[in-house]
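Residue numbers (the working numbering): 450 to 492.
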(Lines of atoms letter the chains of each structure in order from A and count residues from 1; the text may use other names and numbers.)
(Lines give C-alpha, C1' and ligand atoms only; values in the text may rest on other atoms or scores of the structure.)
Protein backbone atom coordinates (compact mmCIF):
# COMPACT_ATOMS: atom_id res chain seq x y z
CA UNK A 1 0.00 0.00 0.00
CA UNK A 2 1.07 3.55 -0.69
CA UNK A 3 1.21 5.72 2.40
CA UNK A 4 -1.12 8.71 2.59
CA UNK A 5 1.84 11.09 2.73
CA UNK A 6 3.07 9.85 -0.64
CA UNK A 7 -0.38 10.32 -2.18
CA UNK A 8 -0.58 13.87 -0.83
CA UNK A 9 2.89 14.62 -2.17
CA UNK A 10 2.03 13.20 -5.60
CA UNK A 11 -1.16 15.27 -5.70
CA UNK A 12 0.76 18.42 -4.77
CA UNK A 13 3.35 17.75 -7.46
CA UNK A 14 0.61 17.15 -10.02
CA UNK A 15 -1.13 20.40 -9.06
CA UNK A 16 2.16 22.30 -9.33
CA UNK A 17 2.80 20.72 -12.72
CA UNK A 18 -0.68 21.59 -14.00
CA UNK A 19 -0.29 25.17 -12.74
CA UNK A 20 2.97 25.46 -14.70
CA UNK A 21 1.36 24.01 -17.83
CA UNK A 22 -1.63 26.35 -17.50
CA UNK A 23 0.57 29.43 -17.13
CA UNK A 24 2.60 28.40 -20.20
CA UNK A 25 -0.60 27.97 -22.21
CA UNK A 26 -1.94 31.32 -21.03
CA UNK A 27 1.33 33.08 -21.89
CA UNK A 28 1.36 31.59 -25.40
CA UNK A 29 -2.30 32.35 -26.15
CA UNK A 30 -1.88 35.98 -27.34
CA UNK A 31 0.66 34.91 -29.96
CA UNK A 32 -1.63 32.13 -31.17
CA UNK A 33 -4.57 34.53 -31.37
CA UNK A 34 -2.49 37.04 -33.31
CA UNK A 35 -1.47 34.31 -35.75
CA UNK A 36 -5.09 33.26 -36.22
CA UNK A 37 -6.33 36.80 -36.85
CA UNK A 38 -3.52 37.60 -39.29
CA UNK A 39 -4.18 34.31 -41.13
CA UNK A 40 -7.86 35.16 -41.56
CA UNK A 41 -6.99 38.68 -42.75
CA UNK A 42 -4.98 37.21 -45.63
CA UNK A 43 -8.10 35.88 -47.36
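All residues carry an ideal CB built from backbone N, CA and C; glycine is no exception. If you're wondering where the values come from, they're calculated on a predicted model, not measured in any experiment.
Rounded to a whole number of angstroms, what is the C-alpha to C-alpha distance between residue i and residue j?
{"i": "residue 479", "j": "residue 471", "result": "14 Å"}
{"i": "residue 477", "j": "residue 456", "result": "32 Å"}
{"i": "residue 469", "j": "residue 481", "result": "18 Å"}
{"i": "residue 473", "j": "residue 453", "result": "30 Å"}
Three-state secondary structure (DSSP) at residue i?
{"i": "residue 452", "result": "coil"}
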